[in-house]
Amino acid sequence: MTSIDKPATTDPHAPEGADPQTDADAKAVTEAALFEAFGGVRGMVETVVPGLLFVTIYTINKDLHAAAIAAVAVSLLLVAVRLIRRDTVKHAFSGVFGVAFGVVFAMMTGEAKDFYLPGMVYTLGLAVAYIGTSVAGVPLIGLILGPVFKENLSWRTRNPGRKSAYTKASYAWGFILLAKCAILFPLYWWADTEQLGWVLVSLKIPPFLLAVYLTWLFLAKAPAPIDVFAEMEAAEEAEKAERAAREQQ
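For reference, each letter of the sequence shown is one residue, going 0 to 248 in numbering that gives the first Met the number 0.
Right under this line is the structure:
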């Protein structure tokens with residue numbers, strides 16, 4: 000994956016009349032920013048492994064306590080690895096909290112199936128948030144990615160093309176997550192724990208990758224972000240220069 004600051008190779012499929020290098024660089028920056036914001040390969044692994052371990056152990060021995068302990072233990076291990084490597088822990092910690100909620104809920108009800116319910120409710124709430132914020136004109140993807148692209152909320156009033164891309168991307172995330180919920184919630188009511196668990200694990204990564212790809216597609220065609228941090232630095236430098244000029248007079 001290309002880093003945010005690393006130039007990309009020229010895109011041979013760039014439209015005629017466009018600057019191929021600039022277009023390729025913009026796509027590379029977008030790709031790297033998405034990779035950073037959503038955790039990359041390691042983030043996906045940290046999302047899948049606890050649930051996979053839970054359903055595997057429960058399928059083998061039908062022991063809710065053993066499956067729950069294993070899921071919590073592997074989540075804590077993933078956090079520990081990140082801390083040792085001094086990597087960002089936000090994705091690993093979110094996994095720990097998600098597993099912890101699932102374990103607590105399942106232990107309270109005594110139903111192994113309820114291990115998955117908090118995550119499913121969260122997914123549904125996230126889908127509603129993506130769609131609701133898009134309707135309100137403040138798409139959630141823009142709020143998430145604005146700081147990553149160093150544009151903060153400048154896209155809302157100063158970059159309409161970018162706002163449109165964020166809106167489309169947020170709708171895509173919302174409807175993809177709604178489709179996922181439309182599969183999982185009926186299974187929660189009608190299928191057994193193992194069936195629900197394996198389907199849920201299999202649906203962890205593909206919808207996510209589809210949503211990320213569509214986000215990249217929309218943003219790669221959008222205007223470049225406005226670097227508000229660079230603007231603030233330039234304003235500060237101009238102010239310093241003006242102050243120095245006045246002092247020399």
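Just so it is clear, CB atoms sit at the ideal spot from N, CA and C, and this is done for glycine as well.
| Check | Outcome |
| --- | --- |
| Residues near I130 by beta carbon distance below 6 Å, same chain, minus five either side | G173 |
| The segment 189 to 202 touching the segment 150 to 158, judged by at least three CB pairs closer than 8 Å | no |
| Three CB pairs or more closer than 8 Å across the segment 139 to 150 and the segment 221 to 230 | yes |
| Environment of N60 [buried if 16+ CB atoms lie within 10 Å] | exposed |
| Rounded C-alpha distance that separates G160 from M43 | 30 Å |
| Span separating the alpha-carbon of I182 from that of S163 | 29 Å |
| Rounded distance between the beta-carbons of E30 and W215, thought under 8 Å | 6 Å |
| Length at least 4, wholly inside the segment 115 to 164: the alpha helix (DSSP H) runs in chain order | 116 to 134, 139 to 144 and 153 to 156 |
| For E110, the first and last residue of its enclosing alpha helix (DSSP H) | Premise fails: E110 is in no alpha helix (DSSP H) and is neither H nor E. |
| Residue burial classification, I56 (beta-carbon count within 10 angstroms, cutoff 16) | buried |
| K179 - DSSP class collapsed to helix/strand/coil | helix |
| Contacting residues, own chain, Cβ-Cβ under 8 Å from C180 (five flanking each side not counted) | M119, T122, L123 and A126 |
| Sub-7 Å separation of Y165 and G136 beta-carbons | no |
| L63, buried or exposed, once every other Cβ within 10 Å from all chains shown has been counted against 16 | buried |
| Where L144 falls, given that 16 or more other Cβ within 10 Å makes a residue buried | buried |
| Test item: CB-CB of V252 and V98 under 7 Å | The requested residue 252 does not occur in the structure, where the chain is confined to residues 0 to 248. |
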